[in-house]
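Remarks on the structure that follows.
2 protein chains.
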Amino acid sequence: MKHLSSTAIQEMDRFYRGNLINSITGFKSASLLATRSKYGVDNVAVFSSVTHLGSNPAMFSFIQRPLGYGAGHTYENLKSTGQITLNHINSNLIKKAHQSSAKYAPDQSEFELLAIEKQERDGFHAPFVKEARIQVVASYVNDYLIQENNCRLVICKITDVFLNEDHLLEDGFVNLSEAGSAVINGLDGYGTATIQERWSYATAEKELQSLPTTK
Amino acid sequence: MKHLSSTAIQEMDRFYRGNLINSITGFKSASLLATRSKYGVDNVAVFSSVTHLGSNPAMFSFIQRPLGYGAGHTYENLKSTGQITLNHINSNLIKKAHQSSAKYAPDQSEFELLAIEKQERDGFHAPFVKEARIQVVASYVNDYLIQENNCRLVICKITDVFLNEDHLLEDGFVNLSEAGSAVINGLDGYGTATIQERWSYATAEKELQSLPTTK
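Just so you know, the protein sequences line up as chains Y and H, in that order.
First residue of the first sequence: 300, per the numbering used here; consecutive thereafter.
First residue of the second sequence: 300, per the numbering used here; consecutive thereafter.
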């Protein structure tokens, strides 16, 4: 195996290091986070850092990069309005989703600029991505400044879920392959996944049992 | 689309809610985190919460659940010895990796109990999972207590990377599909992924260009 040492990593060209380090922590989730600013401008942006944080209370987190680089609209809108939607990226949405990582002015809506079809739902302030087969609504809870690089861990509480019942199993498992949810590899690689096995809750005493992956 | 409201989510059976909420934040990375305790016991455990945190300095984070439930050996060993390895889970390792989530006594090594082949490398305190095709060494940096559920965000600095050169592209991108890295769906679903597209850095001015996904 090739060994990339600490010194080698430090001395890498920054684009090379960015590609490498973004890849070697494994596959990432592929989400479009959508918000509406307090001035009524709808924002949508791709995130690969959404992570499950807990089921009760139901929460996820995402990483907000340092503010003030022309980015941060998602975070600002979430903080000022309290609401965000997480929309799964499927194959059809990949190229548009990737383009949403470009820096646009705060008075411009990526929905219009990138022709991402918007969906509004009664009773919800934040917009949804219509084509997404799984949509999650969440509210702002808290954020933690990560001193080491000035990123923020943003904590959101899940309030509502919209999904196609075909992909929802009897025990609450949602088959994300069937729902067409994409995965992200590194900074800019996108793919599809196939779920092959599910295993029962592990204990020291019992053999694992295979669980159904489809309805 | 089916709407699961805030009330519905709160009133769900806890296992159903656990499956649902763990699924709907998208696919997760599949890692075996390995550590050696200060008493010399080697620990290895599956984590689905490893997330890229930054490339310079090169860092990742993972979520440590509340301590004191018989779990937390990974966190304790990392804090007391300063070192951890992240090992990608491939198809062959899935069942053993899942079993590593069972609670074992701190003087028991999951490497031995589960017949996960261990690799030691000169100059590194923490052990490696021999079968993993991507191995990352990291050191403890900091951790943040998440007040909302007593989990911890643990920050690790990447010091070394071991990988097969076949999967490493000229620009530093690592094709995780070719490396056989698994993805996790929910609490207990495992699968493989196929990278289909890569897109150039997005700006408001330029058209995206397709990038190579293989060597």
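Backbone N, C-alpha and C fix where the C-beta goes; we use that ideal spot for every residue, glycine too.
All figures in this text were calculated on a predicted structure; none of them were measured in a lab.
Pairwise C-alpha distance: residue j and residue i
{"i": "Val-349(H)", "j": "Asp-442(Y)", "result": "18 Å"}
{"i": "Lys-402(H)", "j": "Asn-386(H)", "result": "20 Å"}
{"i": "Ile-320(H)", "j": "Leu-413(H)", "result": "29 Å"}
{"i": "Val-428(H)", "j": "Gly-367(Y)", "result": "41 Å"}
{"i": "Thr-380(H)", "j": "Ala-478(H)", "result": "29 Å"}
{"i": "Phe-359(H)", "j": "Gln-382(Y)", "result": "27 Å"}
{"i": "Tyr-315(Y)", "j": "Ile-494(Y)", "result": "31 Å"}
{"i": "Gln-434(Y)", "j": "Val-460(Y)", "result": "6 Å"}
{"i": "Ala-503(H)", "j": "Gln-407(Y)", "result": "11 Å"}
{"i": "His-397(H)", "j": "Glu-469(H)", "result": "34 Å"}
{"i": "Ser-499(H)", "j": "Ile-308(Y)", "result": "22 Å"}
{"i": "Asn-355(H)", "j": "Gly-317(Y)", "result": "8 Å"}
{"i": "His-554(Y)", "j": "Ser-336(H)", "result": "The requested residue 554(Y) is not part of the displayed model; chain Y covers only 300 to 514."}
{"i": "Pro-365(Y)", "j": "Ile-454(Y)", "result": "16 Å"}
{"i": "Gly-485(H)", "j": "Ala-481(Y)", "result": "15 Å"}
{"i": "Ala-333(Y)", "j": "Val-343(Y)", "result": "4 Å"}
{"i": "Ile-483(Y)", "j": "Thr-324(Y)", "result": "11 Å"}
{"i": "Ser-347(H)", "j": "Ile-362(H)", "result": "9 Å"}
{"i": "Ser-438(H)", "j": "Ala-357(H)", "result": "11 Å"}
{"i": "Gln-446(Y)", "j": "Ser-399(Y)", "result": "27 Å"}
{"i": "Ala-501(Y)", "j": "Lys-505(H)", "result": "50 Å"}
{"i": "Ala-492(Y)", "j": "Lys-378(Y)", "result": "33 Å"}
{"i": "Leu-462(Y)", "j": "Tyr-374(Y)", "result": "25 Å"}
Coarse secondary structure for residue i, derived from DSSP in three states
{"i": "Tyr-489(H)", "result": "strand"}
{"i": "Tyr-374(Y)", "result": "helix"}
{"i": "Ser-499(Y)", "result": "coil"}
{"i": "Ser-390(Y)", "result": "helix"}
{"i": "Asp-465(Y)", "result": "helix"}
{"i": "Ile-480(H)", "result": "For clarity, residue 480(H) is Ser in the given sequence; the question names Ile instead. Here Ser-480(H) sits in coil by DSSP."}
{"i": "Ser-509(H)", "result": "strand"}
Where residue i falls, given that 16 or more other Cβ within 10 Å makes a residue buried
{"i": "Asn-376(H)", "result": "buried"}
{"i": "Pro-426(Y)", "result": "buried"}
{"i": "Gln-508(H)", "result": "exposed"}
{"i": "Gly-339(H)", "result": "exposed"}
{"i": "Asp-312(Y)", "result": "exposed"}
{"i": "Thr-513(H)", "result": "exposed"}
{"i": "Ser-322(Y)", "result": "buried"}
{"i": "Gly-422(H)", "result": "exposed"}
{"i": "Ala-404(Y)", "result": "exposed"}
{"i": "Lys-395(H)", "result": "buried"}
{"i": "Asp-341(Y)", "result": "buried"}
{"i": "Glu-419(H)", "result": "exposed"}
{"i": "Leu-475(H)", "result": "buried"}
{"i": "Lys-301(Y)", "result": "exposed"}
{"i": "Ser-304(Y)", "result": "exposed"}
{"i": "Lys-327(Y)", "result": "buried"}
{"i": "Asp-487(H)", "result": "buried"}
{"i": "Leu-444(H)", "result": "exposed"}
{"i": "Asn-449(Y)", "result": "exposed"}
{"i": "Glu-464(Y)", "result": "exposed"}
{"i": "Asn-389(H)", "result": "buried"}
{"i": "Thr-306(H)", "result": "exposed"}
{"i": "Glu-409(H)", "result": "buried"}
Any non-hydrogen atom of the ligand MG within 6 Å of residue i CB
{"i": "Arg-432(H)", "result": "As for the ligand MG, it is missing from this structure, which has no ligand bound."}
Start-to-end residues for the beta strand (DSSP E) that takes in residue i
{"i": "Gly-353(H)", "result": "350-354"}
{"i": "Ala-357(Y)", "result": "357-363"}
{"i": "Phe-461(H)", "result": "450-462"}
{"i": "Leu-385(H)", "result": "382-387"}
{"i": "Leu-331(H)", "result": "330-335"}
{"i": "Leu-412(Y)", "result": "Here Leu-412(Y) belongs to no beta strand (DSSP E); instead the alpha helix (DSSP H) covers 409-412."}
{"i": "Leu-444(H)", "result": "433-445"}
{"i": "Ala-401(Y)", "result": "Looking at the DSSP string, Ala-401(Y) is not in any beta strand (DSSP E), and its letter there is neither H nor E."}
{"i": "Ala-344(Y)", "result": "341-346"}
Endpoints, the alpha helix (DSSP H) within which residue i is located
{"i": "Thr-306(Y)", "result": "305-310"}
{"i": "Tyr-315(Y)", "result": "313-322"}
{"i": "Gln-398(H)", "result": "393-398"}
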